[in-house]
Every structure is written in C-alpha cells, then in structure tokens.
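Participant: First to last, the protein sequences are chains A and B. If you count by our numbering, then the first sequence holds residues 1 to 125, one letter each, in order. If you count by our numbering, then the second sequence holds residues 1001 to 1348, one letter each, in order. To start, I am sharing the structure in question, which I have written as structure tokens.
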Amino acid sequence: MNTPNDLLYAKSHEWLRLDQGKGYVGITDHAQSALSDVVFVELPKAGRTVKAGEVVATVESVKAASDIYSPVEGTIVESNATLTSDPGLINREPYGQGWLFKIEPTQPKPNGLLTATEYSATLPS
Amino acid sequence: MIPFAGWNLPVEYSGLLAEHKATRQAAGLFDISHMGQIRATGPGALAALEVLLANDPAKLKDGEGHYTFLLNDQGGVIDDLFLYRLGPSDFLLVVNASRHVEDLALLSKQKSNVSFVGSPGSTAGMALQGPRAPAILSKLIQGDLSNPSLPPRNHIRQYTIAGHLVLVGATGYTGEEGYEFFMERKAGPKIWDHILATGKSEGLLPCGLGARDSLRLEAGFPLNGQDLSPEITPVEAGLGFFVDLTRPRPFLGRTAVETQKKSGAPRVCIGIKGVTGQPPPRHDYPVFRGDQRIGVITSGVPSPTLGHGIALALITAPAPPCGQDLEFEVRGRRVPAKVCHRKFLGKR
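Structure below.
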C-alpha cells in the first residue's frame, strides 16, 4: 500500500495534507482498496464547521456505504465537485485528484494524527 | 475475507465490478462450499420431504430439481433451498450455510426409512455462471464419454471431471445461464483450479461474495436473512409460485401460506429503482409514500449493469403499480425512487 511520508493520517483511514493554513482531506490507498470501486460520494457543504472525528462525508461502493470522519476541527472551505461525476477518482488517485474536501483547521498544528510510519503500522500486513 | 455464517469468504478477488461484468459478459466462478449439501436417501425419503417442503417434491423426475422452502408454522421461511432428485429414493438438498445445522435438526426428526447426511464442511461446491458457462462446461466434460451432453436448465447430472465424480446442476443465483458443481470436500481445490484453467480463454474470473450479491439482486433473487426470514412468508416475498398446494398434502406452514395465497398477505415485496446521482438504496433503509412510512428496504445496491440503485422492499399491501413515485431515507434525508419490476434486468 502507498502511504506518502508528507501526509498526516487518522486511524479511521483519512489523510490530511497541510498547505499554507489549509488542509486537503482524502482517504488512504488502503481505504480505497478495501472499499473497491467507489460509485457515489456525499460531500460536506462549504462553510460547515466540523469537529475532529465528526462524520462529514459518505463514500459508497457497490459493497457498502462508508462514513468519512474529519481528521481535524475546522471549517469546510471546498468540496471536490469533480467526484460527483467521477467518483472513481478516489480509487485511481486517492492522494491526488481523488481528494474529498478542503478544510481550514482551527489549530495550526493538529494533534492526535499519525505519521505515515505510525499509520502503516496500524494496517494488516 | 469476511466471516459469513461460520465461514471465511472472500468478498472479491480481482475487484467486484470486474467480477460482476465478467459474469454478465463471459463467466464467473464462485466458491459455494459454505452452502450445505444434505443427501436424503432411503425408501421413506420422498414421504419425509413431502411433509417438510413447500414445493411438491413428488413432481420431480429423476435428474430434475426445483426451488423450495422449509417453513415454520406461521408460514415464515426457515430456509429457501434447491432440491434435486437424483433417483427414486435419493435427493440432494442445497441449503444456506446460515441455516444448515437448523435444517439438519428439523429434517432428522423424520426417521421413517430415511437418513439425512451432510454436516457443515463435508463437501465442496462451486457455481460457474455466465453466457460462456455452457462452453466451459462442454470443455470440462469432454473426456467423459459416458455422459457427453450438458444438463438442461433445472436438471442435474453426474460427470467425471479431473478424475473426480462431480454432480452438476443447471441453475444459479446470478440470472445468467450457469451450473453448480457439487463434490466431496477433498476434490474441491483441484476442481476449482481445473475449472479456472479451462475457462481462462473464455474470460472466466473467480468471483467473491460481493459480486454474488450484486448479481443476484439485479436478477431479483432473494437473500435469506434479508429478503427472507422466519418472519417473512414466501407469499409476502412474491415467491408464492414455489409453494405448491395442488395436492392435499400436509406440510410445515401450509395452513398459514394457504390462507395468504387465497386472501392475500399483509405485506408485499416490490422492486424499487433509484436515480443516478442520488445515494443508492441499502438494506434496512425506511421506505415512504408521501408522509407515510410503508415499509423497509430488504436488499439494495448500486446496480453495476444499470448504473442506478436497485432494491427489494417489503411494504404494506397492496403493491403500488410500477412507475409510482416513492422515497427512501438515507442518513436522515429523503431520496426519490420509483416502483419497478423485481426482475431488474428485464426478461432475459
């Protein structure tokens, strides 16, 4: 499984990429692989304030609907509208064009998240 | 791998969508070794099955099979199963893994000149499904000159495949042409590999539980534990056709289902289709007509073939006509849907 070193991770399989006070959130390679082909996404509206660990989105494959949790507290800035017409991007580019939403974290340095090495250690080998 | 009725089963091999598509367009191979195979033999076998099963086993000629039910006193479904008649006093029951032990206990109460054999884990089974299945089976039985032709739909025949005796029934759970293979447990791995190797050039893929579920639902087939249960009768599930009341034959649950067949059931199973771009219907979502909650979705999936959600729902009778607007509730929000025929892919 691909687990890039420059991202932070939640145990619930979301990643966070911090960039100039904003963060992009998506699901990990492991998560997209476990879900298999994503066919539908429900994303949060811009302006919504969320707590860390709050359900903010749903990703559905043929198999099941899976809740997505916000890795940090903050305000949603934008959702990835491209996913509505092409949800398969989550499978093809989980760390790139398959991002789910952009968030402005309340704390500049979020706590409780894992490094790539720590997250990898939580996955079944 | 996920736990399923005491077994670990693969959800997918190469990917659910690829497996689903392979089965619709070429062929898929499913490991159904978890399903119970119970052999009923002895001069009293037919009489024992006649008082237990809702479809009439006496209708079956040697080599034929049909879909049937084991019901409780209220007419609810303990198990839905396939019954094959192998000989005058020799039957094979293919039952759900989750009900296998319960079925055996119930069957074994019949002791008059009949024995029921087949405990969990004693056999292996595989389903070969899809438009290329007949071509693959033809190749598999090429060497068996004693029995050169394929079994017709709902028939079962014995072949020698890769040196093992295998029963092959022409049925399945996908809505495609196909076959189910039944054999002793130790032959399983070899037959699995042999079928996969033989079918490779035809586009055969091994398929997991995920594709099995999406394929069966597109075909409108019920899943025991969701669309059927001890609280749901075959009449409510829209499967009254498989309850045979022609002969004055007492069987478990007869009185209850006979009443429902004559005067109607309080609930009815309908097909529902969702809208592309809306969340797909899933098991246990409530169903509404206007402000009234009329029932619940028993099985639902985003259909890989159709590109929109499909579902079976159990609602208060009478059934609304096809095309009528309904809603189901997803994560606290109402989503539009329409009543449709339960054979979601149409007549095939």
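Each residue gets a CB set at the ideal place from its N, CA and C atoms; glycine is no exception.
Assuming contact is defined by CB atoms lying nearer than 7 Å, are A1022 (chain B) and L1205 (chain B) in contact in what I supplied?
Facilitator: Residue 1022 (chain B) sits at position 22 when you count from the first residue of the second sequence. Residue 1205 (chain B) sits at position 205 when you count from the first residue of the second sequence. Yes, the Cβ-Cβ distance between A1022 (chain B) and L1205 (chain B) is below 7 Å.
Participant: Going by Cα to Cα distance, which pick from B:R1333, B:Y1159, B:L1314 is closest to F1182 (chain B)?
Facilitator: Here the question's residue 1182 (chain B) lines up with position 182 in the second sequence. Taking only the C-alpha atoms, the option nearest F1182 (chain B) is B:Y1159.
Participant: Taking DSSP as the reference, what is the three-state secondary structure of Y1084 (chain B)?
Facilitator: Along the second sequence, read from residue 1 onward, the residue named residue 1084 (chain B) stands at position 84. Of the three classes helix, strand and coil, the one that applies to Y1084 (chain B) here is strand, per DSSP.
Participant: Could you tell me the distance, in whole angstroms, from the CA atom of P87 (chain A) to the CA atom of V39 (chain A)?
Facilitator: Here residue 87 (chain A) refers to the residue found at position 87 when the first sequence is read from its first residue. Here residue 39 (chain A) refers to the residue found at position 39 when the first sequence is read from its first residue. Spanning the two alpha carbons is a distance of roughly 6 Å.
Participant: Run through chain B and tell me which residues come within less than 7 Å of F133 (chain A), C-beta to C-beta.
Facilitator: This structure cannot settle anything about residue 133 (chain A), because the visible part of chain A is limited to 1 through 125.
Participant: Taking the straight line between their C-alpha atoms, what separation do you get for G116 (chain A) and S12 (chain A)?
Facilitator: Walking along the first sequence from the start, residue 116 (chain A) turns up at place 116. Walking along the first sequence from the start, residue 12 (chain A) turns up at place 12. Note on identity: in this sequence residue 116 (chain A) is Ala, with Gly being the wrong assignment. Taking the straight line joining both Cα atoms gives about 13 Å.
Participant: Applying the criterion that 16 or more other CB atoms from any shown protein chain within 10 Å of the CB defines a buried residue, is Q1129 (chain B) buried or exposed?
Facilitator: Taking the first residue of the second sequence as 1, we reach residue 1129 (chain B) at position 129. It is buried - the Cβ of Q1129 (chain B) has at least 16 other Cβ atoms within 10 Å.
Participant: Straight-line CA distance for L1009 (chain B) to A1097 (chain B)?
Facilitator: Here the question's residue 1009 (chain B) lines up with position 9 in the second sequence. Here the question's residue 1097 (chain B) lines up with position 97 in the second sequence. Approximately 12 Å between the Cα atoms of the pair.
Participant: Consult DSSP for V1275 (chain B) and reduce its assignment to one of helix, strand or coil.
Facilitator: By one-based count along the second sequence, residue 1275 (chain B) stands at place 275. V1275 (chain B) falls in the coil class under three-state DSSP.
Participant: Return the CA-CA distance between A1265 (chain B) and V1235 (chain B), expressed in angstroms with no decimal places.
Facilitator: Indexing the second sequence from 1 puts residue 1265 (chain B) at position 265. Indexing the second sequence from 1 puts residue 1235 (chain B) at position 235. Spanning the two alpha carbons is a distance of roughly 7 Å.
Participant: Pull up the distance between the alpha-carbon of V1301 (chain B) and that of V1275 (chain B), whole angstroms please.
Facilitator: Numbered from its first residue, the second sequence carries residue 1301 (chain B) at position 301. Numbered from its first residue, the second sequence carries residue 1275 (chain B) at position 275. Near 12 Å, if we compare the C-alpha coordinates of V1275 (chain B) and V1301 (chain B).
Participant: If the cut is a Cβ gap below 8 Å, which residues of chain B does E54 (chain A) touch?
Facilitator: The residue you call residue 54 (chain A) lines up with position 54 of the first sequence. The contacting residues do not exist; E54 (chain A) stays about 13 Å from chain B at best.
Participant: Run through chain A and tell me which residues come within less than 9 Å of E1012 (chain B), C-beta to C-beta.
Facilitator: Position 12 of the second sequence, counting from 1, holds the residue named residue 1012 (chain B). In chain order: S36, K63.
Participant: Ignore the nearest five residues each way along the sequence and tell me which others in L1071 (chain B)'s own chain have a CB closer than 7 Å to its CB.
Facilitator: Counting from one through the second sequence, the residue named residue 1071 (chain B) turns up at place 71. Closer than 7 Å at the Cβ level, and outside the excluded window around L1071 (chain B), lie A1054, V1077, I1078, L1252, G1253, V1257.
Participant: Classify E118 (chain A) as buried or exposed, calling it buried when 16 or more other Cβ atoms lie within 10 Å of its own Cβ.
Facilitator: Taking the first sequence and counting its residues from 1, the one referred to as residue 118 (chain A) is at position 118. Classification of E118 (chain A): exposed, given that the 10 Å Cβ count is below 16.
Participant: For T1305 (chain B) versus D1227 (chain B), is the C-beta spacing smaller than 7 Å?
Facilitator: Residue mapping note: residue 1305 (chain B) aligns to position 305 of the second sequence, counting from 1. Residue mapping note: residue 1227 (chain B) aligns to position 227 of the second sequence, counting from 1. Contact: no.
Participant: Name, please, each residue of chain B whose Cβ falls closer than 8 Å to the Cβ of V60 (chain A).
Facilitator: Locating residue 60 (chain A) in the first sequence gives position 60, counting from the first residue. Note on residue identity: the sequence assigns Glu, not Val, to residue 60 (chain A). Going along chain B in sequence order, the residues near E60 (chain A) (Cβ under 8 Å) are P1279, P1280, P1302.
Participant: Rounded to a whole number of angstroms, what is the C-alpha to C-alpha distance between A1040 (chain B) and I1161 (chain B)?
Facilitator: Counting from 1 along the second sequence, the entry for residue 1040 (chain B) is found at position 40. Counting from 1 along the second sequence, the entry for residue 1161 (chain B) is found at position 161. Taking the straight line from one Cα to the other gives about 24 Å.
Participant: Starting from H1164 (chain B), follow its DSSP beta bridges and name the residues at the other end.
Facilitator: Within the second sequence, numbered from 1, the residue matching residue 1164 (chain B) stands at position 164. Beta-bridge pairing links H1164 (chain B) to B:I1161.
Participant: Could you give the DSSP three-state label for H1155 (chain B): helix, strand or coil?
Facilitator: Here residue 1155 (chain B) is taken as the residue at index 155 of the second sequence, counted from 1. H1155 (chain B): strand per DSSP, three-state reduction.
Participant: Should G1065 (chain B) and I1141 (chain B) be called a contact, given that it needs their Cβ atoms to be closer than 7 Å?
Facilitator: Taking the second sequence and counting its residues from 1, one reaches residue 1065 (chain B) at position 65. Taking the second sequence and counting its residues from 1, one reaches residue 1141 (chain B) at position 141. No.
Participant: I think G79 (chain A) touches L43 (chain A), with their Cβ atoms under 8 Å apart; what is that distance to the nearest whole Å?
Facilitator: Within the first sequence, residue 79 (chain A) is the residue found at index 79, counting from 1. Within the first sequence, residue 43 (chain A) is the residue found at index 43, counting from 1. In the sequence as presented, Gly is not what sits at residue 79 (chain A); that position holds Ser. Contact flag correct, Cβ pair sits at about 4 Å.
Participant: Below 8 Å on the Cβ atoms is my contact criterion, and I expect P1057 (chain B) with L1083 (chain B) to pass it. Report the Cβ-Cβ distance as a whole number of Å.
Facilitator: Residue numbering aside, residue 1057 (chain B) sits at position 57 when the second sequence is read from its first letter. Residue numbering aside, residue 1083 (chain B) sits at position 83 when the second sequence is read from its first letter. Right, the Cβ-Cβ distance comes to about 6 Å (below 8 Å), so this counts as a contact.
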